[in-house]
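Visitor: Going from the sequence shown to our numbering is simple: count from 1 and add 261. Here a beta-carbon is modelled for each residue, glycine too, at the ideal position from N, C-alpha and C.
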Amino acid sequence: MRVLFSEGVVKEVESVEVKPLDFGDGKISGTQIDFSLVSGDQIKYIYSQNVPIEESGARAIDFVRKLYADGMADFTHEPVEML
């Protein structure tokens, strides 16, 4: 699967996982999305704190569904920050 991470940067992705962001206090404080690249590297992002948890979770799931269905997806418009 191919993901456009920024203008001119496309990477082959082996797997993607959406999970709740928990800083260890048991409270879900956001949404995290982890990419495992074919090269073996991992890239981790969290959705912006300005995006409500329910919306960020839904956006992440929709992104993964589109990636799975189409084999490629554009991640450049997601409101995320790299971990």
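Note down, in chain order, each residue of its chain lying with its Cβ closer than 7 angstroms to the Cβ of Asp335, except the 5 sequence neighbours on either side.
Guide: Hits under 7 angstroms: Leu265.
Visitor: Of all the alpha helix (DSSP H) runs that stay within the bounds of the segment 301-332, which reach a length of 4 or more residues?
Guide: Correct list: 314-331.
Visitor: Among all the DSSP beta bridges, which residues are the ones paired with Asp283?
Guide: For Asp283, which the question treats as bridged, DSSP gives the partners Ile289.
Visitor: Do you know offhand how far Leu298's Cα is from Lys305's?
Guide: Answer to the nearest angstrom: the Cα atoms are 11 angstroms apart.
Visitor: Counting C-beta neighbours from all protein chains within 10 Å, is the total for Arg320 16 or more, i.e. buried, or is it exposed?
Guide: When all chains shown are included, Arg320 counts as buried.
Visitor: Can you tell me whether Phe284 is buried or exposed? The criterion is at least 16 other CB atoms within 10 Å of its CB, across all chains shown.
Guide: With fewer than 16 other Cβ atoms within 10 Å, it is exposed.
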